[in-house]
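S.K.: Have a look at this one before I ask anything.
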Amino acid sequence: MTQRALLSVSDKTGLTDFAKALTDAGWELLSTGGTAKHLKDAGFAVTSVSDVTGFPEIMGGRVKTLHPKIHGGILADRDQAEHSQAMQEHGIAGIDMVVITLYPFEQTVAGDASITDAIENIDIGGPAMIRAAAKNHAHVTIITDPADYARVAATLTDQGPDQALRRELAGKAFARTAAYDTAISRWFAQEFSVDGLPDHFIGGRKGAPLRYGENPHQQAATYLLPSDQPSVLHAKQLQGKELSYNNLADADAAVRLVSEFEEPAVAIIKHANPCGVALGKDCVDAYRKALACDATSAFGGILAINRELDELLVEAIGKLFLEVIICPRITNGAAAVLEKKKNLRVLVTGGMLEHSNELVIKAVAGGYLVQERDTALLQDLNVATKTHPDARQLRDLQFAFTVAKHVASNAIVMAKEGATVGIGAGQMSRVDSVRLACWKAENAGLSTQGAVLASDAFFPFDDNVHHAAEAGIAALIQPGGSVRDDEVIAAADQHGMAMVMTGIRHFRH
Numbered sequence: 023m024t025q026r027a028l029l030s031v032s033d034k035t036g037l038t039d040f041a042k043a044l045t046d047a048g049w050e051l052l053s054t055g056g057t058a059k060h061l062k063d064a065g066f067a068v069t070s071v072s073d074v075t076g077f078p079e080i081m082g083g084r085v086k087t088l089h090p091k092i093h094g095g096i097l098a099d100r101d102q103a104e105h106s107q108a109m110q111e112h113g114i115a116g117i118d119m120v121v122i123t124l125y126p127f128e129q130t131v132a133g134d135a136s137i138t139d140a141i142e143n144i145d146i147g148g149p150a151m152i153r154a155a156a157k158n159h160a161h162v163t164i165i166t167d168p169a170d171y172a173r174v175a176a177t178l179t180d181q182g183p184d185q186a187l188r189r190e191l192a193g194k195a196f197a198r199t200a201a202y203d204t205a206i207s208r209w210f211a212q213e214f215s216v217d218g219l220p221d222h223f224i225g226g227r228k229g230a231p232l233r234y235g236e237n238p239h240q241q242a243a244t245y246l247l248p249s250d251q252p253s254v255l256h257a258k259q260l261q262g263k264e265l266s267y268n269n270l271a272d273a274d275a276a277v278r279l280v281s282e283f284e285e286p287a288v289a290i291i292k293h294a295n296p297c298g299v300a301l302g303k304d305c306v307d308a309y310r311k312a313l314a315c316d317a318t319s320a321f322g323g324i325l326a327i328n329r330e331l332d333e334l335l336v337e338a339i340g341k342l343f344l345e346v347i348i349c350p351r352i353t354n355g356a357a358a359v360l361e362k363k364k365n366l367r368v369l370v371t372g373g374m375l376e377h378s379n380e381l382v383i384k385a386v387a388g389g390y391l392v393q394e395r396d397t398a399l400l401q402d403l404n405v406a407t408k409t410h411p412d413a414r415q416l417r418d419l420q421f422a423f424t425v426a427k428h429v430a431s432n433a434i435v436m437a438k439e440g441a442t443v444g445i446g447a448g449q450m451s452r453v454d455s456v457r458l459a460c461w462k463a464e465n466a467g468l469s470t471q472g473a474v475l476a477s478d479a480f481f482p483f484d485d486n487v488h489h490a491a492e493a494g495i496a497a498l499i500q501p502g503g504s505v506r507d508d509e510v511i512a513a514a515d516q517h518g519m520a521m522v523m524t525g526i527r528h529f530r531h
């Protein structure tokens with residue numbers, strides 16, 4: 023049976039070469055409007071969609087493919103007798119490949135387009151056919167990107183695209199229609215909505231609008247993904263003022279940090295950086311050690327714990343002004359005491375975060391940067407120095423390096439007995455982060471003698487080691503990989519310090 027491909031593209035890049043590959047392999051070409059004309063002008067035999075449907079293209083081309091003989095041919099499950107019977111009864115022939123590039127809505131609104139032009143460049147039939155073909159990818163190949171022509175063409179002399187390739191292209195197709203609809207939604211929001219924010223964005227549904235963004239002149243809102251995972255956005259707010267954009271960002275940072283640990287853990291966050299993190303025999307113990315690291319910065323911060331919040335911890339917190347407390351659970355007694363602090367937000371997540379490979383999205387001019395979240399775990403530790411860390415130091419090194427993952431780069435974390443004693447965050451040079459961590463510890467009145475130091479990335483020079491030695495640091499942990507590793511290791515040996523290489527970097531920008 024002759025296989026049929028439906029081609030309807032606004033972007034004609036590579037179209038004739040791909041059409042030749044199809045016809046050489048014995049495929050019949052179906053097409054619409056401008057695409058059909060382009061192919062006929064190039065000498066190809068093309069069957070018009072109107073000839074298949076028995077109905078002309080109308081309304082300036084707005085209505086042409088929305089017909090059972092097109093969508094039935096795309097959606098028919100060839101393995102179901104009922105579908106085959108319906109095709110035979112209604113004279114529907116199968117369509118085995120759909121090639122669509124959508125009307126250029128994004129390019130249109132990127133220029134100085136009128137509202138009328140923008141509306142006319144919203145594709146209707148294209149997304150419908152793309153989604154139909156992608157849904158039925160078990161039997162139909164969907165192509166939405168000319169860059170995929172060559173890969174598909176290479177399969178035509180054999181059995182055609184296999185299931186794995188059809189599935190991959192289907193996923194790409196759904197991503198394309200999602201991005202297309204997002205662009206349209208964003209344009210409508212920017213042109214016509216009150217706050218300029220769309221109802222849906224990158225798969226998320228708009229939640230409660232926030233008072234403002236990072237600053238009062240910026241609009242902001244939450245966007246919720248369908249998920250039952252405990253999180254800041256799905257937490258229950260027991261009391262306090264409306265949460266701000268910054269509150270939510272800092273609370274998320276705090277929860278992610280304490281979720282790293284099995285032991286009772288407390289993190290105090292300010293401006294997305296930890297100012298104190300500690301483990302303890304219980305959360306009261308951990309809180310006191312975390313607060314000691316930088317009590318000044320803790321004022322007005324976000325506090326997260328990975329255990330139930332009880333009256334003992336509430337009593338220990340006392341009169342410290344906090345913006346948010348976030349915990350997996352809370353006792354009735356603790357909730358009753360905290361009710362007296364009317365402005366304090368209390369969030370209960372119902373559990374701890376799972377460390378999944380979710381995507382991290384950062385907006386940049388012209389688009390987005392997307393990456394997997396940093397969930398790498400320490401595995402192989404290489405002791406590079408003559409001196410080896412003892413068991414206590416090794417625990418502190420692992421703790422400090424885990425905390426460093428949550429500190430803005432360049433990140434330096436000094437720790438002792440399961441608690442941070444100095445944190446240097448976000449400096450442009452690593453040695454300045456070391457100096458800052460040392461100064462923070464001194465300013466807090468904490469001893470760094472015998473403490474450990476973690477660096478989120480390698481030491482580019484040995485000056486970092488010499489400064490750490492002056493502060494009494496006994497052991498260091500860093501990824502390694504600098505061209506000056508030998509000099510850095512020699513400096514550590516000179517001071518009798520232990521140094522562990524992880525092979526893992528934890529930049530956070």
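For the sequence shown, my numbering assigns the number 23 to the initial residue and increments by one for each residue that follows.
Note that beta-carbon positions come from the ideal geometry of N, C-alpha and C, so glycine has one too.
1) What span of residues does the beta strand (DSSP E) with VAL280 cover, start to end?
2) State yes or no: is the beta carbon of ILE114 nearer than 8 Å to at least one beta carbon in chain B?
3) Below 7 Å CB to CB, which residues in the same chain sit around ALA308 once its five sequence neighbours on both sides are set aside?
4) DSSP three-state label for HIS296, please.
5) Note the first and the last residue of the continuous beta strand (DSSP E) segment covering ILE324.
6) Use the C-beta contact count for MET81: other C-beta atoms within 10 angstroms, 16 or more gives buried, fewer gives exposed.
7) Classify LEU366 as buried or exposed, calling it buried when 16 or more other Cβ atoms lie within 10 Å of its own Cβ.
8) Pick out whichever of SER253, ALA205, ASP145 has its Cα sitting closest to the Cα of VAL85.
9) DSSP state of LYS157, grouped into three classes?
10) With the cut-off set at 8 Å, would you say VAL505 and LEU498 are in Cβ contact?
11) Closer than 8 Å is the cut-off here; do at least three beta carbon pairs connect the stretch 228-241 with the stretch 164-176?
12) Do the stretch 432-443 and the stretch 455-475 meet, that is, are 3 or more Cβ pairs less than 8 Å apart?
13) Please classify ARG310: does DSSP put it in a helix, a strand, or coil?
14) Does the beta-carbon of VAL277 have 16 or more other beta-carbons within 10 angstroms, so that it is buried, or is it exposed?
15) Any contact between the stretch 319-326 and the stretch 372-380? By contact I mean 3 or more CB pairs, one from each, below 8 Å.
16) Given a cut-off of 8 Å on the beta-carbon distance, is the pair ALA447 and ALA430 in contact?
17) State the Cα-Cα distance for the pair THR424 and GLY226, rounded to the nearest angstrom.
18) In the DSSP assignment, the beta strand (DSSP E) including ILE122 goes from what residue to what residue?
19) Determine the direct distance from the alpha carbon of GLN449 to that of SER455, and round the result to whole angstroms.
20) Please tell me whether ILE152 and VAL120 are closer than 8 Å, where the distance is taken between their beta carbons.
21) Can you list, in chain order, the residues of its chain with a C-beta nearer than 8 Å to that of ARG414? Leave out the 5 residues immediately preceding and following it.
22) Just to confirm the assignment, what range does the alpha helix (DSSP H) spanning GLN185 have?
M.R.: Let's see:
1) Unbroken run through VAL280 is the alpha helix (DSSP H), 267-280; no beta strand (DSSP E).
2) As a matter of chain content, chain B is missing from the structure shown, which is built from one protein chain.
3) PRO286, ALA287, VAL288, ALA300, LEU301, GLY302
4) For clarity, residue 296 is Pro in the given sequence; the question names His instead. In the structure shown, PRO296 sits in a strand (DSSP, three-state: E or B).
5) 323-327
6) exposed
7) buried
8) ASP145
9) helix
10) no
11) no
12) yes
13) helix
14) VAL277 comes out buried.
15) no
16) yes
17) Distance from the CA of THR424 to the CA of GLY226, rounded to the nearest whole angstrom, comes to 30 Å.
18) 119-123
19) SER455 and GLN449: Cα-Cα distance of roughly 5 Å.
20) yes
21) GLU439.
22) Residues 185-214.
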